[in-house]
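K.L.:
Numbering (this note's numbering), first residue to last: 226 to 399.
From the three backbone atoms N, C-alpha and C, an ideal C-beta is built for every residue, glycine too.
Dumping the structure here so I can ask a few things about it.
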């Protein structure tokens, strides 16, 4: 999380003072402060002290559920993985007519449509939350099922693990 430090002056102007501010956490085991970026490190409460231009402020911070895994984000992780693999490019399934009966929006332009396409079209065979390893979304790019685009994914790819986890979590929207 970015902590922004803004100076408000008598003449009504405002300036971003984040770069010149001294920012420190009172409990680095809960939250670390590094150049205006706050990073959670564990559950608990802390304060972040900010000093700039002779003024000081205290920002309370509470971190909860740090030890709980976050579900995979469809929009920011799943679609990013498909984009990185080239699946939604214009030369592949992102073309206006798609490829092989499967169409994604070009470069994840329409996440809602992409999610419906992935979980509802083709009788839901593209994703199988009950048996993620049986999902076409994982098997076609690994060439376990014929794929006109060739080999695009292996079990060792970070994208594979992320896509598999999203499917196993029930193909949740954000």
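Throw me the rounded Cβ distance for the residue 363 and residue 388 pair, which I believe falls under 8 Å.
P.N.:
Along the chain shown, one-based indexing puts residue 363 at 138. Along the chain shown, one-based indexing puts residue 388 at 163. Rounded, the Cβ-Cβ distance is 6 Å, consistent with contact.
K.L.:
So what does DSSP say about residue 265, is it helix, strand or coil?
P.N.:
Here residue 265 corresponds to residue number 40 of the chain shown, with the count starting at 1. If DSSP states are grouped into helix, strand and coil, residue 265 belongs with the strands.
K.L.:
Tell me, which residues are paired with residue 359 by DSSP?
P.N.:
Within the chain shown, the letter at position 134 stands for residue 359. DSSP lists no partner for residue 359.
K.L.:
With distances taken between CB atoms, is the gap from residue 336 to residue 291 smaller than 8 Å?
P.N.:
As a position in the chain shown, residue 336 is number 111, starting the count at 1. As a position in the chain shown, residue 291 is number 66, starting the count at 1. Not closer than 8 Å, so no.
K.L.:
Between residue 351 and the rest of its own chain, which residues show a CB-CB distance below 6 Å, the 5 nearest in sequence each way excluded?
P.N.:
Locating residue 351 in the chain shown gives position 126, where the first residue counts as 1. So the qualifying residues of the chain are 343, 361 and 362.
K.L.:
Pull the bridge partners of residue 232 from the DSSP assignment, please.
P.N.:
Within the chain shown, the letter at position 7 stands for residue 232. According to DSSP, which records beta bridges pairwise, residue 232 is partnered with 240.
K.L.:
In chain order, what are the residue ranges of uninterrupted beta strand (DSSP E) at least 3 long that sit wholly in the segment 276-357?
P.N.:
With a minimum length of 3 residues, the continuous beta strand (DSSP E) runs that stay inside the segment 276-357 are 280-288.
K.L.:
I think residue 385 touches residue 378, with their Cβ atoms under 8 Å apart; what is that distance to the nearest whole Å?
P.N.:
The residue you call residue 385 lines up with position 160 of the chain shown. The residue you call residue 378 lines up with position 153 of the chain shown. With a Cβ gap of about 5 Å, residue 385 and residue 378 count as contacting.
K.L.:
Within 10 angstroms of the Cβ of residue 246, are there 16 or more other Cβ atoms? Answer buried if so, exposed if not.
P.N.:
Looking up residue 246 in the chain shown gives position 21. So residue 246 counts as buried.
K.L.:
Any contact between the segment 278-298 and the segment 261-270? By contact I mean 3 or more CB pairs, one from each, below 8 Å.
P.N.:
Touching, yes.
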